[in-house]
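J.: Dropping a structure here in structure tokens format, bear with me for questions.
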Ligand code: C5P
């Protein structure tokens with residue numbers, strides 16, 4: 005507690021109510037080396053300053069250390085959070101806002117402030133966030149990361165198979181499901197490489213993105229990297245065929261009928277699943293009919309660990325939709341995921357993948 009804090013609540017009250025010791029002095033004669041601040045700084049897993057006054061924030065932003073709290077902040081190496089609390093005019097003052105920007109540059113996380121009725125009777129930004137909201141924020145930031153240390157390779161989006169310099173064959177994939185999986189995997193702690201066909205959606209943050217256009221390019225990009233990854237998820241809608249001949253010039257219209265000869269593209273996921281040091285392989289199956297039989301057949305013929313199947317061409321879900329539902333199969337089981345937004349679905353699918361991956365690779369658990 006700072007000297008100011010002690011004007012509001014006495015250390016004795018704080019200690020009695022919390023059931024924990026309260027520290028107030030920079031130099032603590034009761035400590036062996038009288039260096040209370042260093043001991044506390046080493047001990048803490050996380051430092052939360054709540055409420056953080058404009059004065060404390062200003063001292064922190066400028067490296068001043070003239071009491072226990074500011075010295076503790078300077079000496080700490082753990083994550084630091086502040087929950088500012090002050091009059092709305094003090095919060096909006098340029099000096100305070102400069103200090104906040106500076107603190108964020110110094111990796112201090114800011115929770116709040118909230119808007120509402122203030123102790124001084126004014127209304128506005130500056131109220132300390134509710135303690136329950138502060139706790140929720142901290143817990144969300146420090147929740148266990150189930151994919152920590154796992155290297156995930158994912159392919160997403162459509163491929164484009166050129167006919168001539170201006171035309172190509174493609175499909176309706178938006179890339180949304182694959183991108184949602186890449187984002188969720190990153191948040192779960194995985195190191196993510198995303199091999200992406202041409203899409204019109206924002207790139208996920210902190211993910212290594214390799215952009216490709218054709219199935220052949222996607223094949224090379226994936227095969228080069230697959231054995232260095234723990235899990236490969238083939239969420240791309242790869243064109244099964246490409247034009248046999250790529251014309252140098254724009255094809256001219258001549259006859260009433262025209263035939264384009266097609267050549268089969270390589271099966272990327274099947275090739276990954278045949279590698280000597282293959283990763284854990286997860287495929288997708290978009291079906292318009294007989295979903296379960298086709299999905300199980302693909303699981304077996306492509307030698308996959310898991311296949312996630314979804315209906316396409318229905319009223320809701322599938323290509324370009326914000327929502328989807330999945331029926332997931334693995335060699336000795338299956339699970340249904342009900343229609344929901346693609347980001348929730350991605351998280352649900354990833355926890356199943358992580359569970360099955362760990363069952364198959366118990367060593368990676370440690
Ligand atoms: O056989 P089908 O194309 O329906 O299989 C879908 C699964 O196979 C998806 O995981 C897709 O990414 C993958 N696939 C592939 N290479 C292809 C065709 C499909 O990796 N040429």
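Numbering (this note's numbering), first residue to last: 5 to 370.
The beta-carbon is built from N, C-alpha and C at its ideal position, and this holds for glycine as well.
Should residue 175 be counted as a contact of ligand 1 given a C-beta to heavy atom distance under 7 Å?
T.: Indexing the chain shown from 1 puts residue 175 at position 171. Result no, Cβ not under 7 Å from ligand 1.
J.: For ligand 1, I want to know if residue 219 counts as a neighbour, meaning its beta carbon is within less than 7 Å of at least one of the ligand's heavy atoms.
T.: Position 215 of the chain shown, counted from the start, is the residue given in the question as residue 219. Yes, the beta carbon of residue 219 sits closer than 7 Å to at least one heavy atom of ligand 1.
J.: In this structure, does DSSP put residue 235 in helix, strand or coil?
T.: In the chain shown, residue 235 corresponds to position 231, counting from 1. DSSP places residue 235 in strand when its eight states are reduced to three.
J.: Going by DSSP in three states, residue 153 sits in which element: helix, strand or coil?
T.: Within the chain shown, numbered from 1, the residue matching residue 153 stands at position 149. In the structure shown, residue 153 sits in coil (DSSP, three-state: anything other than H, G, I, E or B).
J.: Can you give me the Cβ contacts of residue 5 inside the same chain, cut-off strictly under 7 Å, excluding the 5 residues immediately before and after it?
T.: Sequence index remark: in the chain shown, residue 5 carries index 1 (1-based). Around residue 5: 15, 18, 26 and 28.
J.: Of all residues in the structure, which have a C-beta closer than 7 Å to any heavy atom of ligand 1, taken in chain order?
T.: Spelled out in chain order, the answer is 159, 219, 238, 239, 240, 241, 242, 244, 269, 270, 271, 272, 273, 274, 287, 288, 289, 290, 302 and 306.
J.: Cα separation between residue 370 and residue 234?
T.: Position 366 of the chain shown, counted from the first residue, corresponds to residue 370. Position 230 of the chain shown, counted from the first residue, corresponds to residue 234. Caution applies to residue 370, whose pLDDT of 44 falls short of 50 and renders its modelled position unreliable; the value that the coordinates give is listed next. Whole-angstrom Cα-Cα distance: 15 Å.
J.: Express the C-alpha separation of residue 103 and residue 356 in angstroms, rounding to a whole number.
T.: Taking the chain shown and counting its residues from 1, the one referred to as residue 356 is at position 352. Taking the chain shown and counting its residues from 1, the one referred to as residue 103 is at position 99. Answer to the nearest angstrom: the Cα atoms are 44 Å apart.
J.: Residue 305 bridges to which residues according to DSSP?
T.: For the purposes of this step, residue 305 is identified with residue 301 of the chain shown, where counting begins at 1. None, per the DSSP bridge assignment.
J.: Let me make sure I understand the geometry here. Which of 185, 145 and 256 has the alpha-carbon closest to that of residue 158?
T.: Taking the first residue of the chain shown as 1, we reach residue 158 at position 154. Comparing Cα-Cα distances from residue 158 to each of 185, 145 and 256, the minimum goes to 185.
J.: Between residue 143 and residue 52, is the Cβ-Cβ spacing less than 8 Å?
T.: Taking the chain shown and counting its residues from 1, the one referred to as residue 143 is at position 139. Taking the chain shown and counting its residues from 1, the one referred to as residue 52 is at position 48. No; because the gap between Cβ atoms is not below 8 Å, this pair is not in contact.
J.: Can you give the Cα-Cα distance for residue 135 and residue 341, rounded to whole angstroms?
T.: The residue given as residue 135 occupies position 131 in the chain shown. The residue given as residue 341 occupies position 337 in the chain shown. Answer to the nearest angstrom: the Cα atoms are 35 Å apart.
J.: Between the Cα of residue 95 and the Cα atoms of 77, 62 and 183, which residue gives the shortest distance?
T.: Walking along the chain shown from the start, residue 95 turns up at place 91. Nearest C-alpha to residue 95: 62.
J.: Could you work out which residue in 364, 42 and 331 is closest to residue 353 when comparing CA atoms only?
T.: On the chain shown, position 349 is the one that residue 353 refers to. It is 331.
J.: By DSSP, does residue 280 sit in helix, in strand, or in coil?
T.: Translated into positions along the chain shown, residue 280 becomes position 276. It is coil, neither helix nor strand.
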